[in-house]
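Peer 1:
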Amino acid sequence: MNIAEKLSTRLRCYYGWIIVGVALISMAFWLGIRSSFSVFYVALLDEFPWSRAGSAGVQSMALITYTFMAPLVGGLIDRFGPRRVIAPGILILAVGLMLCSRIETLTQFYIFYGVVVGTGISCIGIVSYSAILAHWFEKKRGLASGIAVSGMGLGTFLLVPMSQSFISMWGWRMTFIITGCLVLIILVPATALFLRHKPQELGQHPDGSNSPDLNNKNHSQDQNNKQDNDWTLRKAVYTLRFWALILFPFFGFIGVFIIVVHQVKFLVDQGIDKMTAAYILAMVGIVSSIFRIFWGWLSDRISRELTYTMGIVCGCLGAGSLLLFEIHGSAFFTYSFFVLFGVGWGVTAPMFMAVAADLFKGRIFGLIYGFVEAGIGIAGAFGAWVAGFIFDKTQSYQAAFVLVIVAFLLSGIFVWLAAPRKYRGVG
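Counting from 1, position 294 in the sequence shown corresponds to residue 293 in numbering that gives the first Met the number 0; the numbering is continuous, with no gaps.
1. Arg-140: which of Arg-33, Asp-391, Ile-363 and Ala-348 sits nearest, CA to CA?
2. Can you give, in chain order, each stretch of the alpha helix (DSSP H) that sits fully within the segment 55-135 and has at least 4 residues?
3. Quick check: what's the CA-CA separation for Tyr-109 versus Phe-388?
4. Work out the CA separation of Ile-120 and Lys-421 for me, nearest whole Å.
5. Can you find the residues in the same chain that come closer than 6 angstroms, C-beta to C-beta, to Leu-321, ignoring five residues on each side of it along the sequence?
6. Let me know the secondary structure DSSP gives Asn-217 once reduced to three states.
7. How far does the alpha helix (DSSP H) with His-204 in it reach, from first residue to last?
8. Following the continuous alpha helix (DSSP H) through Ala-418, name the residue where it begins and the one where it ends.
9. I need the DSSP call for Thr-231, collapsed to helix, strand or coil.
10. Evaluate contact between the segment 401-417 and the segment 282-296, counting only Cβ atoms and requiring at least three cross-stretch pairs below 8 angstroms.
11. May I ask you to report which of helix, strand or coil DSSP gives Arg-140?
12. Could you round the C-beta distance between Ser-410 and Phe-247 to whole angstroms and report it? I think they count as a contact, below 8 angstroms.
13. When you compare each of Ala-380, His-261 and Thr-275 to Tyr-396 by their alpha carbons, which one comes out closest?
14. Does DSSP put Ser-288 in a helix, a strand or coil?
15. Would you grab the beta carbon distance between Val-429 and Leu-339 for me? Rounded to a whole angstrom, and I think it's under 8 angstroms.
16. Roughly how many angstroms lie between the CA atoms of Gly-53 and Trp-384, to the nearest whole one?
17. Given that a residue counts as buried once 16 or more other Cβ atoms are within 10 Å of its Cβ, and exposed if not, what is Ser-329?
18. Can you tell me the Cα-Cα spacing of Thr-66 and Lys-273, whole angstroms?
19. In whole angstroms, what is the alpha-carbon distance linking Thr-118 and Ala-318?
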């Protein structure tokens, strides 16, 4: 009996929740490292004579790498299982972060962070755990997804101020090394000891039920499940729901990455000190973490579409708060920003995962979700770059924040076109 089997037996609980815990830890690093780019960005701009667009383009490069890697990672997990994919990714990520401590030129930054870190981080995040959790949960898919991706907010809350604090004490070079060491110390044992691909490996069924088919409530749904298990990529791309599934996260993450990459620098430009600006982003992370669980839970009870719309409206109001802060300078708008944007950001990842699984769960789900994340990678790369470009041209982020609101509203339209309610029996 291996460690996973012993743990499942000793705790007398459904092992899927252990998988959720591993996912939470991994996604804390996945997005915490991504979000921490914003404080490294400020430190590097202080040291090197680089433009904002050129420097922010490093994050765009990492997201382009992610775009190419995401479908590959999802397909490899479908074929070989998660540990053979995630473990090498952890090592690549740690090496990439340590190489970043040796940066002297912008080209090196593009290679070490944009390519090496971008490759490693693709293996430890939402693509991998979407492909895993889709097998472990049916009825509680929204809740499980919400808890897992709450690690994203937790990682932002912990790693962003930690990185700023370490940069202030020891410099950005040593901070890159420390972050790489943390990746190795925490993620390697969690992945090696506890991660499993499917409940059948431990003699269990989705959601811990005694029945292997929780979704088979009636004959019609039986037929839907059979169709879902027969998906091929060629078959999927000829459906409206596939393209709507690609586009609603795509537009959502244009908005998210404009804010996440540039918010710290924007606040510093407005006269807020660097540590306070980092803590504001950290507070966005913790609010989003709480609401990822809430939105996931709520979406299991009402439609995913309505849940997402409610959240994305809050995101629009959060972006509007930054606009008003630049215009009026009132500290009140920094508070409304981190609350409202945190609430809105919190709805994104759990709905991306749950809607995708509602629409396309099956033997190639990892590959299909990889293409969803590829679209997100392109969106994030564009969002990170375009906000820097807008600032370089106008010396203001106002147009960028308006773009955030427009992108969020388009995202809300496409989730209704994806229509997951039609495939999960919710009115």
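Where is the CB? At the ideal position from N, CA and C, for every residue including glycine. From a predicted model like this one, the values you see are computed outputs, not experimental measurements.
Peer 2: Taking the structure as given:
1. Of Arg-33, Asp-391, Ile-363 and Ala-348, the residue nearest in Cα terms is Ala-348.
2. Every alpha helix (DSSP H) stretch that sits fully inside the segment 55-135 and reaches 4 residues is listed by chain position as 82-99, 105-108, 117-121 and 125-135.
3. Inter-residue distance for Tyr-109 and Phe-388 is about 17 angstroms (C-alpha atoms, whole angstroms).
4. Whole-angstrom Cα-Cα distance: 34 angstroms.
5. A distance below 6 angstroms between beta-carbons, with the five flanking residues on each side excluded, links Leu-321 to the following residues of its chain, in chain order: Phe-336 and Phe-400.
6. Note on Asn-217: pLDDT 41, under 50, position unreliable in the model; the coordinate value appears next. Of the three classes helix, strand and coil, the one that applies to Asn-217 here is coil, per DSSP.
7. Looking at the DSSP string, His-204 is not in any alpha helix (DSSP H), and its letter there is neither H nor E.
8. That residue, Ala-418, is in no alpha helix (DSSP H); it is neither H nor E in DSSP.
9. The answer is coil: DSSP assigns Thr-231 none of H, G, I, E or B.
10. Look at the beta carbons and you see the segment 401-417 not touching the segment 282-296: under three pairs across the two are nearer than 8 angstroms.
11. Look at Arg-140 here: in three-state DSSP terms it is helix.
12. Correct: roughly 5 angstroms between the Cβ atoms.
13. Selected option, being the one with the closest Cα: His-261.
14. Helix.
15. The structure shown does not extend to residue 429, since the chain spans only 0 to 426, so no value can be given for it.
16. Those two C-alpha atoms are separated by around 8 angstroms.
17. Classification for Ser-329: exposed.
18. Straight-line Cα distance between these residues: approximately 31 angstroms.
19. Cα-Cα distance, rounded: 30 angstroms.
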